[in-house]
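To keep things clear, I will list the structure first and then write my remarks on it.
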Amino acid sequence: MALKAMMLRRSIDRKKTELDALREKDAEFSTREAELETAISEAETDEQQQAVTEEVEKYEAEKKEHEDAKNALSSEIDGLEAELAEMEKDDPKRSDLPQGTRKKERTEVHHMMTVTTDIRSLPMGRRAFDALSMERRQEIVQQPDVKEFLARMRSFKGQARDITGAELTIPIVFLDLISENMYRYSKLLNRVRVRNVRGEARQTIAGTVPEAIWTEMCGAINELTFSFNQVVLDGYKVAGLVVICNSMLEDSDIELASALVETLSESRGLAMDKAILYGKGAASHMPLGIVTRLAQSSAPEGYPANAPAWVDLSDSNIITINGTTGTIQEFWTAFMAAAANTTTLYSRGRMFWAMNSRTYWTLRSKLIQFNYEGYPVTNLPGVMPFVDGDVDILEFIPDGDIIGGYGDLYLLALRSGMVIESSREVQFIQDNTVFRGKQRADGMPVVPGAFVAININNASPTTAMDFPADTANDAQLTALSVGTESLSPSFSSTTYSYTIAAAANASDKIEATASQAGAKIAIAYNGANVRNGGTVTWTADSKVYPLTVTVTQGNKTRVYTVNVTKAAGG
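Quick note: the sequence shown uses my numbering, first residue 603, plus one each step.
Okay, structure coming up:
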């Protein structure tokens, strides 16, 4: 039994090596596809078109053979690993291992079986969970933690309110799938550096790298001085509502699992893209976006002393180009000059350029040429001309704005673990149950000078983007009145301390309005509770007494304080 298991492991390792070799050829096919797109647009004569047609047919045949070979190897590896797992489960020698060790080994086998399916390259019409073999899907839903998870998901059906203790930790096997699958829904996760961390993360990054010193072959080695900086990444929750039809909750475990993996992947992927570009940073409990950092004209309060030296990039790396006048040559010359501002000591890897569809087509219009027959020819096959770099289409980017640079110099930290819970937002009429998926993440450009934000419509690039309001934790007031008394300063929802230096009346009516209808408001004067809309009689002894208004919504609480003084005998 042990010898056969050894043979299986060697066979698995060999086939994985073969699969890795095949995957390395994916880039070659992508390059050939881009070249063929260019050739198609440039073919003018019948002979040229015929030659391109033959090359396209040859490419498609070779690409199909390549994909078939990868899929066949993946299936073989799945089968061999399943056979190995079954053999090790029945091996009495291995049953003597401690329970924790066996559990760890099973987890590792499950993980290996999951990642052999190339989730990221699946067509958008196919769900990630469905891409696994039927045997693998059945094996997953039979795991005790998965069965318990799906059973509790079904128990939420029709609930009109949050359930105490209803938060569920998503099984590890689902997290593996979701983490891979969200790359299909996110354009930028493939561009930036992603690290999985725990708790608050202090990520060490190199400072100024010294140049190595040449010397004689047997000479003494010169000592180089390296400096290292740290960036601190917190863990902010990205959360969204997941709508599951009630009939799906009544369906098979496999169908329910597939729907959950897909909806959670999509919601996470879309949220990450927007935050990477326009995230507002720690003050708004989200990652710091590329454009947001470029727009800063001074170091934010509390900028760490051991972080990289802060540099003002608001002029050099936020650039306006007049693409509405002038020649095409002048436009591309200006664009290349703007792109050159991404050059730093650390700029490496492949660049990306993010824009919306309208801007993309505007760029294509600036590349139109005409062949000898008068037919237009245009080139922009997903690659930025002249400056190079892949083009990513993100429709939330404003018209004319292009954000680009070296994505490897943006660090995105994902916290381990993801949870799902029942939500108050239950759609009774639509016969749906709504769940809320949450994960913690943070990020920032560690070398912000490697990025630029450009507007090609002779306007300033947009540097601030609206995000969906965090109404679930909005504990702000929109109005606060204390009878006819005047507050100093005047009321503002983001100002929490006020003074009434000399109350004119013996008593006043207190009215507070929360920005969210469901928020709880608690009012107290000098330690005694007062109902909202009730009247307070001031203590007239020329001393200061606090009037507090406490607002609670979700996990957030804010306290507004009014220090009131009433003259003695007044």
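Glycine included, every Cβ here is placed at the ideal spot set by N, Cα and C. Predicted model only: the values in this text are computed from it and were never measured.
Outcome for Asn1060 when other beta-carbon atoms lying within 10 angstroms are tallied against a minimum of 16: An exposed status is given to Asn1060, since fewer than 16 other beta-carbon atoms sit within 10 Å of its beta-carbon.
C-alpha distance - Val1084 paired with Pro906, whole-angstrom precision: Between Val1084 and Pro906, the C-alpha separation is close to 42 Å.
Cα-Cα separation between Ala1105 and Ile999, rounded to whole angstroms: Each residue's alpha carbon lies about 51 Å from the other.
Cα-Cα separation between Thr859 and Glu782, rounded to whole angstroms: The sequence given here has Ala at residue 859, not Thr. Taking the CA atoms as reference points, Ala859 sits about 15 Å from Glu782.
Exposure of Asn1157, with buried meaning 16 or more beta-carbon neighbours within 10 Å: Residue burial is scored here from C-beta neighbours: Asn1157 has fewer than 16 other C-beta atoms within 10 angstroms and is therefore classed as exposed.
Coarse secondary structure for Val1161, derived from DSSP in three states: In the three-state reduction of the DSSP assignment, Val1161 falls in the strand class, which pools E and B.
Nearest to Phe933 (by Cα), restricted to the options Ala911, Phe988 and Ser916: Closest option to Phe933, Cα to Cα, is Phe988.
For Ser735, three-class secondary structure by DSSP: Coil.
Tyr1008 - partner residues in DSSP beta bridges: Answer is Met953.
For Ala663, the nearest candidate out of Glu620, Glu635, Ile892 and Thr964 (CA to CA): Looking at Glu620, Glu635, Ile892 and Thr964, the one whose alpha-carbon comes closest to that of Ala663 is Glu635.
For Lys1122, the residue or residues it bridges with in DSSP: Under DSSP, the beta-bridge partners assigned to Lys1122 are Thr1154.
Residues sharing a beta bridge with Glu576, DSSP: Here the chain covers residues 603 to 1172 and nothing more, so residue 576 does not appear.
Assigned secondary structure, Glu707 (DSSP; H/G/I helix, E/B strand, else coil): Per-residue confidence for Glu707 stands at a pLDDT of 37, beneath the threshold of 50, marking its modelled position as unreliable; the derived number appears in the next sentence. Looking at Glu707 - three-state DSSP - the assignment turns out to be helix.
Any 3 or more C-beta pairs closer than 8 Å across the stretch 1001-1020 and the stretch 948-963: As far as the Cβ criterion goes, the stretch 1001-1020 touches the stretch 948-963, which means the pair count is three or higher.
Option nearest Asn792 by Cα separation, candidates Glu864, Ile878 and Met888: The candidate whose alpha carbon is nearest that of Asn792 is Ile878.
Unbroken beta strand (DSSP E) run spanning Val1054, endpoints: Val1054 -> beta strand (DSSP E) spans Phe1053 to Asn1057.
N- and C-terminal bounds of the alpha helix (DSSP H) containing Ser967: Segment Ser959 to Ser967, the alpha helix (DSSP H) holding Ser967.
Coarse secondary structure for Asp1068, derived from DSSP in three states: Per DSSP, reduced to three states, the secondary structure at Asp1068 is coil, with no helix or strand assignment.
Contact between the stretch 625-633 and the stretch 650-660 (3+ Cβ pairs under 8 Å): The count of Cβ pairs closer than 8 Å, one atom from the stretch 625-633 and one from the stretch 650-660, stays below three, leaving the stretches out of contact.
Straight-line Cα distance separating Lys876 from Met888: So the two alpha carbons sit approximately 11 Å from each other.
Start-to-end residues for the beta strand (DSSP E) that takes in Leu1079: First-last of the beta strand (DSSP E) with Leu1079: Leu1079 to Val1084.
Separation of Lys1122 from Leu1089, as counted between CA atoms: About 23 Å.
Cβ-based burial, Met874 [other Cβ within 10 Å; buried from 16]: Per the 10 Å Cβ criterion, buried.
Burial state of Tyr1162 (16 or more Cβ within 10 Å): By the neighbour-count criterion, in which a residue is buried when 16 or more other Cβ atoms sit within 10 angstroms of its Cβ, Tyr1162 is buried.
Strand pairing of Asp994, partner residues [DSSP]: DSSP links Asp994 through a beta bridge to Ala956.
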